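Asks:
Number of protein chains: 2
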Amino acid sequence: MRPDPAAASALTERRDGARQSSLREHNLALVCRAVFASPVPLSRARLAAQTGLTRSTVSRLAEELIRAGLIAENEADGSGRPGRPAVPLTPAAGTVAGLGLHVNVDYVTGRVVDLTGAVLAAATLPGDFEDSDPTAVLPLAGGLAARLVRQAEERGARVARACLSLPGLVDAAAGRLLLAPNLGWSDLAPAAMLGEALPAAMAVEIGNDAHVAAYGIARAAPGRVAAQSSFVYVAGDVGVGGAIVSDGEVSGGRHGWAGEVGHVVIEPDGPACHCGARGCLETYAGRRSVLAAAGLSPTASPEDVAAAVARGDDAARTAVERAAWALGVALASTVNVVDADEIVLGTGFIPLMDQLRPGVEAQLAARTLAGPWSRVSLRAAPADPAPAATGGALRALETVIADPAGWIAPARSATG
Amino acid sequence: MRPDPAAASALTERRDGARQSSLREHNLALVCRAVFASPVPLSRARLAAQTGLTRSTVSRLAEELIRAGLIAENEADGSGRPGRPAVPLTPAAGTVAGLGLHVNVDYVTGRVVDLTGAVLAAATLPGDFEDSDPTAVLPLAGGLAARLVRQAEERGARVARACLSLPGLVDAAAGRLLLAPNLGWSDLAPAAMLGEALPAAMAVEIGNDAHVAAYGIARAAPGRVAAQSSFVYVAGDVGVGGAIVSDGEVSGGRHGWAGEVGHVVIEPDGPACHCGARGCLETYAGRRSVLAAAGLSPTASPEDVAAAVARGDDAARTAVERAAWALGVALASTVNVVDADEIVLGTGFIPLMDQLRPGVEAQLAARTLAGPWSRVSLRAAPADPAPAATGGALRALETVIADPAGWIAPARSATG
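Protein chains in written order, with my numbering: chain A, 777 to 1192; chain B, 777 to 1192.
1. Are the CB atoms of A899 (chain B) and L920 (chain B) nearer to each other than 8 Å?
2. What are the residues that DSSP puts in a beta bridge with I1020 (chain B)?
3. Grab me the residues of D1117 (chain B)'s own chain with a C-beta within less than 6 Å of its C-beta, minus the 5 sequence neighbours each way, in chain order.
4. Is G960 (chain B) near E906 (chain B), with beta carbons less than 8 Å apart?
5. Report the residue from A:H1031, A:D909, A:A1106 whose alpha carbon sits nearest the alpha carbon of I1016 (chain A).
6. Mind checking if D907 (chain A) is an interface residue toward chain B, Cβ cutoff 8 Å exclusive?
7. Are the CB atoms of I993 (chain B) and A1169 (chain B) nearer to each other than 8 Å?
8. The beta strand (DSSP E) that contains V935 (chain B), what's its start and end?
9. For a contact meaning CB atoms closer than 7 Å, what does S1150 (chain A) contact in chain B?
10. Grouping DSSP H, G and I as helix and E and B as strand, with all else coil, what is H1050 (chain B)?
11. Buried or exposed: which applies to G932 (chain A), given that a residue is buried once 16 or more other Cβ atoms fall within 10 Å of its Cβ?
12. For A838 (chain B) and V879 (chain B), which I take to be in contact (beta-carbon distance under 8 Å), what is that distance rounded to the nearest angstrom?
13. Determine, using beta carbons only, whether V1041 (chain B) comes closer than 8 Å to chain A.
14. Can you name the start and end residues of the beta strand (DSSP E) that R1196 (chain B) belongs to?
15. Straight-line CA distance for A1083 (chain B) to E1036 (chain A)?
16. Would you mind stating whether V888 (chain B) and A928 (chain B) have Cβ atoms separated by less than 8 Å?
17. Kindly indicate which residue of B:I842, B:G845, B:V863 has the alpha-carbon position closest to the one of E851 (chain B).
18. Quick one: which chain B residues come within Cβ less than 7 Å of E1036 (chain A)?
19. Quick check on V1105 (chain B) - is its C-beta less than 8 Å from some C-beta in chain A?
20. Buried or exposed, going by whether 16 or more other CB atoms sit within 10 Å of the CB of T911 (chain A)?
21. With 8 Å as the threshold, decide whether the Cβ of P867 (chain A) is near any Cβ in chain B.
22. What's the C-alpha gap between Y1009 (chain B) and A1146 (chain B)?
23. Are the CB atoms of A1061 (chain A) and R1054 (chain A) within a distance shorter than 8 Å?
24. At which residue ranges does the segment 1072-1104 of chain A contain complete alpha helix (DSSP H) runs of 4 or more residues, listed in the order of the chain?
25. Would you kindly work out how many angstroms separate the C-alpha atoms of T1059 (chain B) and A1070 (chain A), rounded to a whole number?
26. In terms of residues, what are the limits of the beta strand (DSSP E) holding A1141 (chain A)?
27. Name the DSSP beta bridge partners of A997 (chain B), please?
28. What residues in its chain sit with their C-beta under 7 Å from that of A1019 (chain A), if we drop five residues either side in the sequence?
29. Reducing DSSP to helix, strand and coil, say where L955 (chain B) ends up.
30. What does DSSP give as the partner residues of D947 (chain B) in its beta bridges?
31. Is L818 (chain A) close to chain B? Criterion is C-beta to C-beta, closer than 8 Å.
32. Chain B beta carbons: is any one of them nearer than 8 Å to that of G932 (chain A)?
33. Given that a residue counts as buried once 16 or more other Cβ atoms are within 10 Å of its Cβ, and exposed if not, what is H1050 (chain B)?
34. Return the residue from the list B:D1115, B:D1080, B:S962, B:L841 that minimises the CA-CA distance to A1092 (chain B).
35. With a cut-off of 8 Å, does the C-beta of L954 (chain A) fall near any C-beta of chain B?
Written out as structure tokens, the structure reads:
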């Protein structure tokens, strides 16, 4: 059969159209990324130089990004130079936002963050969700999320996407939680269980809470990697989570489950762990273990432990020293395997940082093979009451920044 | 000062020349890689389709690669089809070769491998190099290497480059060995210490022996990644080395020191390790530890241990069970941190594989958090008396395959 020349030509046209449209998408993303990656506002001329696009293409694309609420014109930079003043472009404030949600063993928390990194809405519900019913807890998180979305909308912003973090193994591609040992949850599709309160069209990705928090800690702002962006992250909640971060990217390993430093073995016959094994780091340095060893109530806080140590309480001091020793042993094993030179301790470890440091550093010094050539530095994560919620909001925004055309298209059809 | 128009034009010409030459280098590498990456011989037409180059460009570049001895024409594939028979291209046999050298605690070994993966020359010198003098041992390795190079030359091949593997921490970029605990060596530039016997112009890179062996295990042939190319490798010599391999690439971490599974902590107060710490995997599963626990001579072999277990020797069985238990604990910690689903045991563990397997698998099943969703498989490395030497030869060849122009240029000037 000979091809119909008219049909072939239409196909060619459609192909060229597709190529042009994907070129536009590519260039939109290029300009958008450049504005977000820059620590200072960029003029259209500098954007053209950085992206290799012509000045007029940059202007047209920038116009589109401004109309979509993704970037904004800063104050004109007259600064005494002759000629037309440059109008630098920056991330837009208060327009497009991301929602981060975090369900943990003792709270549900959420926050809405805009493209400048400003928090537009935040809330936390304390609770006791150990071995809880996900069909009760997830709608609670959904209701909290819906209130935060409304608050952000009242301030004039639109929430583009959400990221729900959970303390466990996640199959992000399939949107499933496989296991959250401390919640007692397994094999769920949690996004669909958030309930009716959230806008049905809102995309909700899910993630491991330590991975998502570490992603956020490795960002200076939405779309911008921090200066120190290669580290091992360890979070001290009821469970001990972790992540391996290289140049701002969280290592997933084969299935996205890398970084479980909380289940590195300290003593093979040590205390029984929620995961079914014995002697995991979590059984020495998880919050409940430290509180029990310190003789404090299971609902006491890390700050209470720090205060008890400060006032000379022997049990509290011994409990913290044991946690520091175990953290140091687990981190030495981890550093020997992944070769990291920076460790960031987060959440419940932050108030105990000064008290943990000597014990952790002693084990690292004694046990890392490369110690003499590369001192491993230890720092506390930045103070943030909800790092996994912040990280989730940043991750939601990252998707928008990386694919502005994907945001613009439905936004257009939604507004007519 | 106004620019001289003639000078500006010459500069432009030179620039265009440089651009053309780098285009030629790029395309040469493209064609070369494609021939090596293919498990079957490729016709020029298939090469053109795969690389996107024109048929005539492919023919010209293939001619250059054939003249350089990198690829060869296979038998014409007439196979009854009409028209001019296709002449498939394959890696050349017996022409260009790589040299791998390995200095370990109890031997120096080397092999020369050609571009088809055939071993052209191989030799091993047994010895006892624990706490040895590098100025005596490295010239021994250099002499061995020179003999292997001569043997390969007598068979008509030219050795392009070498890779020297050592059991320790290596700064590959600086060409320095930082520490080899079991050799008792530290802070050396080993390539320069191989002595006068090796051709002075031969480039010698250095590498950690487990990394280099794992690189080779992840290759089906020079320049071709194996089907199973993501795994954790653990080698059981006097020291226990390791590597994390993802899609054929060995993870380096921040400084190239990742994968030190031998120094994952098993029991924090366990036996003293050569590295200065206590309770490292190496102190349970390193060869000398297993031999001592089995009541065998320190010079006995892993095969001797396997034989003792097979004939019902209690001490040998207990020693192997302890090594298996420790390997399982260390690998569970490792899998929890890096999320791997395949483990390859090499060198001294291979003869003990059947006896190690139940103990290793029991610990992995009990201790890997993701166990129920992803069974970690365990296999023995392919039988190879010198995997780090083989891997080193493949690594040397990889450099030639990735940059054929870099090989052709000096080869041309050497032959006039």
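From the three backbone atoms N, C-alpha and C, an ideal C-beta is built for every residue, glycine too.
If you're wondering where the values come from, they're calculated on a predicted model, not measured in any experiment.
Replies: So, from the listed chains and residues:
1. Residue 899 (chain B) sits at position 123 when you count from the first residue of the second sequence. Residue 920 (chain B) sits at position 144 when you count from the first residue of the second sequence. For A899 (chain B) and L920 (chain B), yes; Cβs fall inside 8 Å.
2. In the second sequence, residue 1020 (chain B) corresponds to position 244, counting from 1. Beta-bridge pairing links I1020 (chain B) to B:V1008.
3. Here residue 1117 (chain B) is taken as the residue at index 341 of the second sequence, counted from 1. The answer, listed in chain order, is S1150, V1152.
4. Against the second sequence, residue 960 (chain B) aligns to sequence position 184. Against the second sequence, residue 906 (chain B) aligns to sequence position 130. In contact: G960 (chain B) and E906 (chain B) (Cβ atoms closer than 8 Å).
5. Counting from 1 along the first sequence, the entry for residue 1016 (chain A) is found at position 240. Ile is not the amino acid found at residue 1016 (chain A); the sequence shown has Val there. The candidate whose alpha carbon is nearest that of V1016 (chain A) is A:A1106.
6. By one-based count along the first sequence, residue 907 (chain A) stands at place 131. Under the Cβ criterion of 8 Å, D907 (chain A) is not counted among the residues facing chain B.
7. For this step, residue 993 (chain B) is matched to residue 217 along the second sequence. For this step, residue 1169 (chain B) is matched to residue 393 along the second sequence. No, Cβ-Cβ distance for I993 (chain B) and A1169 (chain B) is not below 8 Å.
8. Residue numbering aside, residue 935 (chain B) sits at position 159 when the second sequence is read from its first letter. From DSSP, the beta strand (DSSP E) with V935 (chain B) extends over 934-942.
9. The sequence position of residue 1150 (chain A) within the first sequence is 374, counting from 1. Within chain B, the residues near S1150 (chain A) are H1031.
10. For this step, residue 1050 (chain B) is matched to residue 274 along the second sequence. The three-state reading of DSSP puts H1050 (chain B) in coil, since its state is none of H, G, I, E or B.
11. Along the first sequence, one-based indexing puts residue 932 (chain A) at 156. The residue in question, G932 (chain A), is exposed, as its Cβ has fewer than 16 Cβ neighbours within 10 Å.
12. Here residue 838 (chain B) is taken as the residue at index 62 of the second sequence, counted from 1. Here residue 879 (chain B) is taken as the residue at index 103 of the second sequence, counted from 1. Contact flag wrong, Cβ pair sits at about 39 Å.
13. Within the second sequence, the letter at position 265 stands for residue 1041 (chain B). Yes, contact with chain A.
14. Outside the displayed span of chain B (777 to 1192) sits residue 1196 (chain B), for which this structure offers no information.
15. The count along the second sequence starts at 1 and reaches residue 1083 (chain B) at position 307. The count along the first sequence starts at 1 and reaches residue 1036 (chain A) at position 260. Whole-angstrom Cα-Cα distance: 39 Å.
16. Within the second sequence, residue 888 (chain B) is the residue found at index 112, counting from 1. Within the second sequence, residue 928 (chain B) is the residue found at index 152, counting from 1. Closer than 8 Å, so yes.
17. Reading the second sequence from its first residue, position 75 is the one you call residue 851 (chain B). When only C-alpha atoms are compared, the closest one is B:V863.
18. Against the first sequence, residue 1036 (chain A) aligns to sequence position 260. Against chain B, a Cβ distance below 7 Å from E1036 (chain A) picks out N1112, V1113, L1145.
19. Position 329 of the second sequence holds residue 1105 (chain B). Output row for V1105 (chain B): interface = yes.
20. Counting from one through the first sequence, the residue named residue 911 (chain A) turns up at place 135. For T911 (chain A), the number of other beta carbons within 10 angstroms of its own is below 16, and it is reported as exposed.
21. If you number the first sequence from 1, residue 867 (chain A) lands on position 91. By this cut-off, P867 (chain A) is not an interface position.
22. Numbered from its first residue, the second sequence carries residue 1009 (chain B) at position 233. Numbered from its first residue, the second sequence carries residue 1146 (chain B) at position 370. In this model, Y1009 (chain B) and A1146 (chain B) are separated by some 19 Å (Cα to Cα).
23. Here residue 1054 (chain A) corresponds to residue number 278 of the first sequence, with the count starting at 1. Here residue 1061 (chain A) corresponds to residue number 285 of the first sequence, with the count starting at 1. Against a cut-off of 8 Å, the Cβ pair of A1061 (chain A) and R1054 (chain A) comes out as no contact.
24. You should have 1078-1086.
25. Reading the second sequence from its first residue, position 283 is the one you call residue 1059 (chain B). Reading the first sequence from its first residue, position 294 is the one you call residue 1070 (chain A). If I take the Cα positions, the gap works out to 34 Å.
26. In the first sequence, the residue the question calls residue 1141 (chain A) occupies position 365. DSSP places A1141 (chain A) in no beta strand (DSSP E) but in the uninterrupted alpha helix (DSSP H) bounded by 1129-1143.
27. Numbered from 1 along the second sequence, position 221 holds the residue referred to as residue 997 (chain B). B:R1000.
28. In the first sequence, the residue the question calls residue 1019 (chain A) occupies position 243. Apart from sequence neighbours up to five positions away, the residues of its chain that approach A1019 (chain A) with a beta-carbon distance below 7 Å are A986, H987, A990, Y1009, V1026, G1035, ordered along the chain.
29. Working through the second sequence from its first residue, we reach residue 955 (chain B) at position 179. Strand.
30. As a position in the second sequence, residue 947 (chain B) is number 171, starting the count at 1. Answer by DSSP bridge pairing, in chain order: B:R952.
31. What you label residue 818 (chain A) is simply residue 42 of the first sequence in a count that begins at 1. It does not; no Cβ of chain B falls within 8 Å.
32. Translated into positions along the first sequence, residue 932 (chain A) becomes position 156. Output row for G932 (chain A): interface = no.
33. Translated into the one-based positions of the second sequence, residue 1050 (chain B) becomes position 274. By the 10 Å Cβ count, H1050 (chain B) comes out buried.
34. Along the second sequence, read from residue 1 onward, the residue named residue 1092 (chain B) stands at position 316. With distances taken between CA atoms, A1092 (chain B) lies nearest to B:D1080 out of B:D1115, B:D1080, B:S962, B:L841.
35. Locating residue 954 (chain A) in the first sequence gives position 178, counting from the first residue. Closer than 8 Å to some Cβ of chain B, the Cβ of L954 (chain A) qualifies, so yes.
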